[in-house]
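Before any comments, here is the structure.
Residue numbers (this note's numbering), protein chains in the order written: chain A, 1 to 113; chain B, 1 to 115.
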């Protein structure tokens, strides 16, 4: 079956531009996570959805970051007025049950010039 | 709060040699522990996990890890390295409770396998 997919795989943005990153989780998965992975670092938690409800956004680095999952399936991570420090790989993961194994997508590599 | 420390950002072994990747964790509650592998330009793939029960956990590709509560460790081992094992490995902890299962990762260990 299909795994977690993310698009685009690569995104280059000029500083100050807005970007939108998409995540298609495994069908039926309740939990959806976004992580940010800076170069040479481990992934860091950004935000969590249970169905359409955003239950934890404690990892979002600033109010320029916004995530949504309006119908409880596809999720979008939006970054407004991008800055160079936003350059990273953004990983999406989904899970069928809380605390269960998370399945990761291939990530979107964002480069801000 | 939980944290993960991976000792050694780079580990190099010869093909056929023992692989040992070290992971120590800190958690205020009984942890769920995971090892993930990441190949270049790919997402993370689960190797193995410890939740409850047997402390020696076997995973895919011949890897295993042992949960040692007294040492707060969860080291990853493989008896004989293969060239295809070359990748970056991440240890992660999920502290349960109200964390909803979010993972805290270590910094990663890059494994190089020499012929």
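No residue lacks a Cβ here, since even glycine has one placed at the ideal position from N, Cα and C.
The Cβ neighbour count for residue 88 of chain B, taken over all protein chains shown within 10 Å, is at least 16; the residue is labelled buried. Collapsing the DSSP output to three states places residue 61 of chain B in a helix.
Taking the CA atoms as reference points, residue 6 of chain A sits about 8 Å from residue 21 of chain A.
Shown in chain order are the members of the segment 17-46 of chain B whose Cβ falls below 7 Å from a Cβ of chain A: 32, 42, 43, 44 and 46. A straight line joining the alpha-carbon of residue 28 of chain A with that of residue 94 of chain B spans about 22 Å. Taking a Cβ-Cβ cut-off of 8 Å, the neighbours of residue 105 of chain A in chain B comprise 43, given in sequence order. Contact of residue 65 of chain A with chain B is not assigned, every C-beta pair being separated by 7 Å or more. Relative to residue 87 of chain A, the option among A:107, A:32 and A:31 whose CA is nearest is A:107. Residue 58 of chain A is bridged by DSSP to nothing; it lacks a bridge partner. At a C-beta separation below 9 Å, residue 106 of chain B has these neighbours in chain A: 42. Rounded to whole angstroms, the separation of the alpha carbons of residue 2 of chain B and residue 63 of chain B is 24 Å. Residues of chain A with a Cβ closer than 7 Å to the Cβ of residue 102 of chain B are, in chain order, 33, 45, 48 and 56.
Following the DSSP letters along the chain, one finds residue 68 of chain A inside the beta strand (DSSP E) bounded by residues 65-68.
In chain order, 101 make up the part of chain A whose C-beta sits under 8 Å from the C-beta of residue 49 of chain B. Bounds of the beta strand (DSSP E) holding residue 89 of chain A are 88-95.
In terms of beta-carbon proximity, residue 63 of chain B stays away from the interface with chain A, with every pair separated by 7 Å or more.
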